[in-house]
Each structure stands twice: as structure tokens, then as C-alpha cells.
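**Student:** In the numbering used here, the protein residues as written are 385 to 553.
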């Protein structure tokens, strides 16, 4: 039988209320129970009430943790369902990234996701860092890893700096 949070707290509150009622009943006893026995019973009931209140606090903390784990589990399930929408593809020399699928084919307009973070169930977009010859360097700002994406910009003209010579040499 599973209890919800409210039912659990009601059980603890009922237990505390019952213990307080017993304490009041003992206080009303007069000559039937001697004073020493009443004091001992009052101490035991006080300890019982303290223990029940401690149990209530621990129950509340456990229930909060359970809610937190349920939310985390929901996020992980959602990630696993959404994971099917991505494909691992080579984006450059020795570089891979996850890219969103579009109608069964890879969509080139979607951003690339970091493979390291994606395997840890985190979506982190690889962001442009700098141009290099025939590639763009992309960087994950979550984990710091880098990837090189093919960026062939067509034929390039390279200029070499010529040493300057005097006019009259």
C-alpha cells in the first residue's frame, strides 16, 4: 500500500496527537499512579513525540528526494526518446558530432551537438571557435572538447610576403 505525501504526514500527525492525548490522560491521573511513575511516563511520551517528529522530518526529506528523482527520471526518459532524432556523423577529419535528422536525412542547417556531452545525456551545441585551413574549429563550452568541421570555401589564393628590397640594389 503506497501512501502519498499528505497521507504520510497525516499518519505522523495522528501519532503525535495520540501521544499528546495519552500524556494529558496521565496528567489527569491523581492518586492511582505515584508522581515518580507519572514523571517517568511523561519523559517516555516526550521522547516518543520527539522521535515521531524526527520521523516526520525524515519522511518529508525522503519524499522531496523521491520527487526530485522522479523529475530527473522524467528528463532522462525524455532525452532517450529524443535521442532517436539525432544521428552521429563525421563532420571533418577525425571529428564526429550528433546532428538532428530531418525526414530520414541529415539536416545541414541544424547545429552540431558535442559527442562527449551527448553520451552523458547533455545537449551541448558545438560553437564556432576559429577558422583553420579547409576546416572550422568548433568548441563545446560545456566540456571544452573541440571538433574540426569541413569548411571547403573553394579555391583559395595564398599570398606570401616578399621581403622588401631597396630600389637601387
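Note that CB positions come from ideal geometry on N, CA and C, so glycine has one too.
By alpha-carbon positions, which one of 482, 516, 404, 515 ends up nearest to residue 502?
**Tutor:** When each option's Cα is compared against that of residue 502, the closest is 482.
**Student:** Alpha carbon to alpha carbon, how far is residue 518 from residue 477?
**Tutor:** The alpha-carbon atoms of residue 518 and residue 477 are separated by roughly 10 Å.
**Student:** Identify the continuous alpha helix (DSSP H) that holds residue 459 and give its terminal residues.
**Tutor:** 419-467 is the extent of the alpha helix (DSSP H) around residue 459.
**Student:** Measuring CA to CA, which of 469, 510, 532 is closest to residue 526?
**Tutor:** Among 469, 510, 532, the Cα nearest to that of residue 526 is on 510.
**Student:** Apart from the five residues just before and just after residue 469, which ones in its own chain have a Cβ nearer than 7 Å to its Cβ?
**Tutor:** If we look at residue 469 and ignore the five residues flanking it on each side, its Cβ neighbours are 484, 485.
**Student:** If I'm right that residue 463 touches residue 505 with Cβ under 8 Å, what's the distance once you round it to whole angstroms?
**Tutor:** Confirmed, Cβ separation roughly 5 Å.
**Student:** Classify residue 515 as buried or exposed, calling it buried when 16 or more other Cβ atoms lie within 10 Å of its own Cβ.
**Tutor:** It counts as exposed.
**Student:** Under 8 Å by Cβ, that's how I've got residue 522 and residue 496 pegged, so tell me the actual separation to the nearest angstrom.
**Tutor:** With 8 Å as the limit, residue 522 and residue 496 qualify as a contact, their Cβ atoms being about 6 Å apart.
**Student:** In this structure, how does DSSP classify residue 409 when only helix, strand and coil are distinguished?
**Tutor:** Reduced to three states, the DSSP call for residue 409 is helix.
**Student:** Relative to the C-alpha of residue 399, which candidate in 455, 466, 450, 430 has its C-alpha closest?
**Tutor:** Looking at the Cα atoms, 430 is the closest of the given residues.
**Student:** Report buried or exposed for residue 475, applying the criterion of at least 16 other Cβ atoms within 10 angstroms of its Cβ.
**Tutor:** Looking at its Cβ environment, which holds 16 or more other Cβ atoms inside 10 Å, residue 475 is buried.
**Student:** For residue 526, which three-state DSSP category applies?
**Tutor:** Correct three-state label for residue 526: coil.
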